[in-house]
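Chains A, B, C and D are the protein sequences, given in the same order.
Number 251 in the working numbering belongs to position 251 of the first sequence; there are no gaps in the numbering.
So the mapping is simple: the working numbering equals the position in the second sequence, first residue as 1, plus 1000.
So the mapping is simple: the working numbering equals the position in the third sequence, first residue as 1, plus 2000.
So the mapping is simple: the working numbering equals the position in the fourth sequence, first residue as 1, plus 3000.
Backbone N, C-alpha and C define an ideal beta-carbon position, used for all residues, glycine too.
Notes for the one structure printed next.
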Amino acid sequence: MTAPLAAYTTSTGEAFQFWVLGTVAVLGALGTVFMRRAVHSALCLAGTMIVLAVFYLANGAYFLGIVQIVVYTGAIMMLFLFVVMLVGVTAADSLKETIKGQRWLALLCGAGFGILLFAGIANASLKQFNGTGRANANGNVEGLAALIFTKYVFAFEITGALLITAAVGAMVLTHRERTERPRTQRELAEQRVREGVHLPPLPAPGVYARHNAVDIAGLLPDGTPSELTVNKTLRERGQVRDVSTEALNDLRALERRAEERLERTEIEPSIAKRPEEASK
Amino acid sequence: MSFPLLTATAVLPAVGAIATAAVPAARRTAAKWLALLVSLATLALAIVVLVRFDPDGDRYQLTESHAWIKAFGVRYELGVDGIAVALVALTALLIPFIILAGWHDADPLETGSRRWRPTQGFFALILAVEAMVIISFEATDVFVFYIFFEAMLIPMYFLIGGFGDRAHEHGEKAAATQRSYAAVKFLLYNLVGGLIMLAAVIGVYVVAGNFSLQEIAQARADGSLHMATSTERWLFLGFFFAFAVKAPLWPLHTWLPNAMGEATAPVAVLITAVVDKVGTFAMLRFCLQLFPEASKWATPVILVLALISIIYGALLAVGQRDIKRLVAYASISHFGFIIMGIFAMTSQGQSGATLYMVNHGISTAALMLVAGFLISRRGSRLIADYGGVQKVAPVLAGTFLIGGLATLSLPGLAPFVSEFLVLVGTFTRYPAIGIIATFGIVLAALYTLVLYQRTMTGPVKAEVAKMPDLRVRELVVVAPLVVLLIFLGVYPKPVTDIVNPAVRQTMSDVHQTDPKPEVEAAK
Amino acid sequence: MNAENLIALLIAAPLLGAAVLLVGGRRLDAVGHWVGTLLSAASFVIGVILFADLLGKDAEHRTLTQHLFSWIPVEGFQADVAFRLDQLSMTFVLLITGVGSLIHLYSIGYMEHDERRRRFFGYLNLFLAAMLLLVLADNYLLLYVGWEGVGLASYLLIGFWQHKPSAATAAKKAFLVNRVGDMGLSIAIMLMFTTFGTFAFGPLLGTHAEPGLAGGASEGKLTAIALMLLLAACGKSAQVPLQSWLGDAMEGPTPVSALIHAATMVTAGVYLIVRSAAIFNAAPDAQLVVTVVGAVTLLFGAIVGCAKDDIKKALAGSTMSQIGYMVLAAGLGPIGYVFAIMHLVTHGFFKAGLFLGAGSVMHGMNDEVDMRKYGGLRTYMPVTFITFGLGYLAIIGFPGLSGFFSKDKIIEAAFAKGGTEGWILGGAALLGAAITAYYMTRVMLMTFFGEKRWQPDENGNEPHPHESPRVMTIPMIVLAVGSVFGGAIFGIGDRFLHWLEPVTGHSHGDSPVSALTVTLATVVVLVIGGAIAYAQYGRRPVPAVAPRGSLLTRAARRDLLQDDFNHVVLVRGGEHLTRSLVYVDHTLVDGVVNGTAAGFGGLSGRLRRVQNGFARSYAVSMFGGVALLIAATLLMRAV
Amino acid sequence: MNPVNYLYLAALLFTIGATGVLIRRNAIVVFMCIELMLNACNLAFVTFSRMHGNLDGQIIAFFTMVVAAAEVVVGLAIIVSLFRTRHSASVDDASLMKL
């Protein structure tokens, strides 16, 4: 598929591919910006990147295309997801603007910038396209390698140094220095006794045999959910699910079935939805 | 090449300043003595310069010239004419008195903020100012002059802002705020002037291609350097503005009363008797020599402004309630006289103006320093807080009166000679202005005598009843000044002999000759 | 040795005295007064020697000059320290040093109880030196030095008792009013310089033989110069309109009033006019003004003198009026110059005598000055009474005494001016003579005749009038003698005329009325004046508190409201002016600057808002900036 | 189709990314937007290399990726430590530059 790439215009196949995937890429980008949850943004971005990888391939940058998928979509985006997980998957930040006029200014600038960029490209003289055919004559990777290790070898070395520095830097930044000796079980227990808050181990989450997920607060004997049962991190993120309504619904459902079985005539319409509906 | 005498006169105090600042904090008195000795040594050097200077010799003598910044043709050029020599001598003469008078002004306060080694700093700054003033009197290169003309502001700023009167009627805190206000005002005014001058300096370089005063003046004289009329005028205004701010000319004067009011008396003397002289001196040396035509063009306006300064300053002095501010406004009036004399463009006027610079330095020093001693005794600058001092401290009162009489230019005291010369010089060319200016002498008598009457005479106020008379140190400061005032009043010939040739030169620079009397004197 | 070189010594002696006494300090307190007196006496002796030397020469060569050094050498401007001793200055030298020495002597007694007596003598010597410089100077600028010097001395002496606010104020007032006059003098000098290129007497005024430059200038210029000189003279000699300071000057110790404000300094104005005769002669209009000023002042002073109850103020009024006579005479030109000076000298004698007498009276009366609290003192202090009486007769011009000769001549000269002016001036002079007789008789009667009117003052110690010590009476006696015979010595045979003529010149105007008539008229009017006074104060007892008096009286008591005028117009107006100017300076001139500063402050305060610290808003601005850059580059490529 | 469209696409993505940086407060999302901008640039580079028929553009894109990787590592580390100290990942909370 190298021959047609040399042409001024591309094959209809590529055109079709461009228009379809291009749309996807733009949608992904917009999603990245406008999704309320970081996770969704990350996923959208990943989508866009894959599309871009395809475009690289289409532009004859086979090596880059693969690297894009492997490094970006594979490594970097995963890194993002990890961090998102650390920081809070569902910590949905409201899109409500706090700085006055910031959004409008931003959109204005964006629009202006885009238009100008387009104008720039438009009146740039980009007539002749001599595709990457000759460049990729003996293999794209070989070509790149030749350049990297000859012309750009110095920059290459520098980037190596940069990567190492980055790794070290990340370690330094995230590494938390232990200032005091880790406390033993015994000490912790003694501290608990001293403070007098909740001597026994924390109760397990989940109620009945039905909801044993970690994010569901166990019910106290009086039926009120107890936050204690839920993992601290989840609690901080405010990701404790409340199932009390479900429980009530199930109770009602139980009664109804019982009445149907006993052929009770008067049938009042159910107030609450069925659990499976509720979960929808 | 011979020994660089002029450089020495400036370098000595500069080195002295550094040395004084370096004295360890504990050795306060040592620092004072060091500063005093350095200033005396400088005085000795200045006297050597005075002796080596030959009034009838070349225009600029003891010249030194070294290439400095080749790229802009800046040369380190020094040289003195009669006027510069007189002023260098004046500066070198006054500094020891200022240091001696301010002997205790910078001792750390028992209460209140302890500044960082205030004493060493105070005297080091004074010496630094001396060095810069002297070199700007000696510089014959516009660029060199400009640098030190501006650099002077830095030590002055700290002297004004850092060291105020001990006691203040509104308490230490108010004093501090007013001080900083005054210091900033001083700095801003002079910086603005300086920056405008910088533009003009660059303009001169663009037009003339170098900064050397002598070369440019020479080229102007023999016509080899032609300036468009408008160019010359703009450049002139640029220079004049800076000098008018420095030597406060109405309406650019308002920084002076604040600065002199808030600073200690010796620093006030430093401002008005030494630093401001650079402004008037520079008018004579740079404005007239570089831009003769423009100077003549601007003369009427300048004369009117000077006239306003004279009357206005005197009237405001009458209205003051603060001793030091009163002296400040009096100085504004006197600077009006000086500027008037310079731009009257007659030999009497310009000789008078030069003489006036010297005499005003001495007389204001006498008056202001005694006033400082008075204030330091009572701890208030308000005239109303005094009364009957004459009875408890007759010597103080007497010297104060002499200083006052010098200020009102009583015949027999030095200022009279210069003031009368200025008046005559102005009168011969601009009679009306001369006559109006003469009203200044009545107003001068008014503010001086009112000040004396309110502070020194009348029944003794309780607060001043215990006031001690002048101490030995203070007498050592005042007595020589008084003697000088009387001597120069009776026999000003030594000064005029030095000044006259230089004035003749300046007159020829501006292509001016004195108007002839109607009836030619029969010889 | 050569006589010229003595001239400097004339001044040097008292100057040395002043220096020694003022710098010397307390250790001289014991002998200070003697040092001062001796030095002034020394100066007098030198004066006598020089006088003898002058008499030795023939009339035309009686001018000695001494050139000490060049004072202010500047391009085209020559002022030298040089002295000129001719008959005119000689007369003054003798008067000044003579009367001065006597008054020094008198002061030894008068100031005995003052702990600052040394200082007082220092000031007196300073005054003598300045006054001598004034009359000996060879050019107007040097004269100006003496002129202001005497002003300073009088300032110091009037305010000698500085602890009294009234004294301090009076001193200041005297100096300021004089300063106005000095302004006139300095302007006159400037005019001379611009007109003639010099202000030295020699070339300017010339001599009788060859006239100087003065004639050469345009009359307008000369009139201007003359008027300026007149202004100066008014200031120094307390002539209308600058007379207001003299009355207050009486705050000073009485010897001062006698020496400075009666005998010598106040006559400096007359000296100036007579000295500048060459200029005035060439400016008739100015001369007319001079005569008018003189006439007005002599009436003004006389009227004021009539109303004052303070003995010294009454005498001050009389001084004013007598100097008015002199100025009038000087204004008459060559006819009058000599008589002006003559009256000046005789006046120096009797007025000094009168003041010393007054001082002696006060000395005996616990410094009481109100004549209504005197009365019948002739028995208590006979010497004072006699000397004072002789002075009184002299001043009213009693035939045969000194005042008679001089004043009578002036009146003659006034008539001799001719025309209506002559009649008016002469009439004024005659009227003045009458009033003089009136108020002097009044003083005499109120002080020495009638029954005693003094009561114990508030803290109960009754004054015990007594004759003053010898050291005070001797000078009074000497002066009395002078005032009796001085006139005769000068007047008979026109000795004084011949002595002074070479300098001032003289001409006999043809008087419309004969000398004899004038003399008779003078005698008649003074008898009338005296009689009225007697009728008022001699026949019936004098009330101890002043009656309200007529409108004129009350006005006269307030110096004819001239002070009030000054106060309202000058003082008040000046205060308002300065206060408003201070306000303007603070708000307008300074306000503009501070306003600019405040403006920048506000502006930067606004701009500071932009720095809200939100990285995103910074990013926006960056982004916008980039957009603009792109736009710019595109535009660049477009055009 | 003219391959210039790739450039247009790159420009569009870049703009979107930039706007996102300005609009979003969550540091992570902001970071993603930056990545998006970088990718847009890469696309542009690749397209250029195709235009000029040599591989330099691709090399640059390659380097961009490497640098981006390094930058992401450090940046995310910063975000994490920021979150630890302030319990929030909002860029507005880190507004210490305010006067």
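The CB of residue 41 of chain A comes closer than 7 Å to the CB of 3029 and 3032 in chain D, given here in chain order.
Looking from the CA of residue 2026 of chain C, the closest CA among C/2007, C/2533 and C/2120 belongs to C/2120. Listed in chain order, the positions of the region 56 to 80 of chain A with a beta carbon within less than 8 Å of a beta carbon of chain D are 56, 59, 60, 61, 63, 64, 67, 68, 71, 72, 75, 76, 79 and 80.
Non-local beta-carbon contacts of residue 1098 of chain B in its own chain, meaning distances under 7 Å to residues more than five positions away in sequence, involve 1126, 1266, 1269 and 1270 in chain order. By the neighbour-count criterion, in which a residue is buried when 16 or more other Cβ atoms sit within 10 angstroms of its Cβ, residue 123 of chain A is exposed. In this structure, the beta-carbon distance from residue 1466 of chain B to residue 2163 of chain C does not fall below 8 Å. Excluding its 5 nearest sequence neighbours in each direction, residue 2204 of chain C has C-beta neighbours in its own chain below 7 Å: 2192, 2196, 2198, 2212, 2213 and 2214, listed in chain order.
Within the DSSP secondary-structure output, residue 1077 of chain B pairs in a beta bridge with B/1065. Residues of chain A with a Cβ closer than 7 Å to the Cβ of residue 2624 of chain C are, in chain order, 109. Residue 134 of chain A and residue 3042 of chain D have their C-alpha atoms spaced approximately 21 Å apart.
Taking every protein chain shown into account, the CB of residue 56 of chain A has 16 or more other CB atoms within 10 angstroms, so this residue is buried. For a Cβ distance threshold of 8 Å, residue set 59 of chain A lies close to residue 3047 of chain D, ordered along the chain. The alpha helix (DSSP H) runs lying completely inside the region 62 to 120 of chain A and spanning 4 residues or more are 62 to 67 and 77 to 87, given in chain order.
Contact with chain A is found for residue 2616 of chain C, since one of that chain's Cβ atoms lies less than 8 Å from the residue's Cβ.
CA-to-CA, the gap between residue 1069 of chain B and residue 1007 of chain B works out to about 18 Å.
Distance from the CA atom of residue 2463 of chain C to the CA atom of residue 2129 of chain C, rounded to whole angstroms, is 38 Å. Residue 2235 of chain C sits in a helix when the DSSP states are folded into three classes. Under the DSSP assignment, residue 1473 of chain B falls in the alpha helix (DSSP H) whose first and last residues are 1472 to 1490.
Within the same chain, 2090 and 2094 come within 7 Å of residue 2051 of chain C by CB-CB distance, once the 5 residues on both sides are set aside. In this model, residue 2058 of chain C and residue 2087 of chain C are separated by some 11 Å (Cα to Cα).
Counting C-beta pairs closer than 8 Å gives fewer than three between the region 2320 to 2333 of chain C and the region 2551 to 2560 of chain C, which falls short of the contact rule. Judged by DSSP secondary structure, residue 2065 of chain C falls within the beta strand (DSSP E) whose first and last residues are 2064 to 2074. By the neighbour-count definition (other C-beta atoms within 10 Å, threshold 16), residue 1473 of chain B is an exposed residue. For the alpha helix (DSSP H) assignment, the uninterrupted runs of no fewer than 4 residues enclosed by the region 1310 to 1367 of chain B are, from N- to C-terminal side, 1323 to 1343. In the structure shown, residue 1141 of chain B falls within a strand segment according to DSSP collapsed to helix, strand and coil. Taking 8 Å as the threshold, the shortest C-beta distance from residue 3056 of chain D to chain C does not fall below it.
By the neighbour-count definition (other C-beta atoms within 10 Å, threshold 16), residue 1071 of chain B is an exposed residue. Taking C-beta separations shorter than 7 Å and ignoring five residues to either side along the sequence, the partners of residue 3038 of chain D in its chain run 3064 and 3068, following chain order. Of the residues B/1196, B/1461, B/1225 and B/1460, the one whose Cα lies closest to the Cα of residue 1242 of chain B is B/1196. Residues of chain A whose Cβ lies closer than 7 Å to the Cβ of residue 3085 of chain D do not exist; the shortest such Cβ separation is about 11 Å. Secondary structure of residue 2400 of chain C (DSSP, three-state): coil.
In the DSSP assignment, the residues bridged to residue 216 of chain A are A/241. At a beta-carbon threshold of 7 Å, the residues of chain C lying near residue 3018 of chain D are 2623, ordered along the chain.
Bounds of the alpha helix (DSSP H) holding residue 1092 of chain B are 1082 to 1101. Across the region 126 to 155 of chain A, CB contacts with chain D closer than 9 Å involve 126, 128, 129, 130, 131, 132, 133, 134, 135, 136, 140, 143, 144, 146, 147, 148, 151, 152 and 155, in sequence order along the chain. In this model, residue 1338 of chain B and residue 1484 of chain B are separated by some 20 Å (Cα to Cα).
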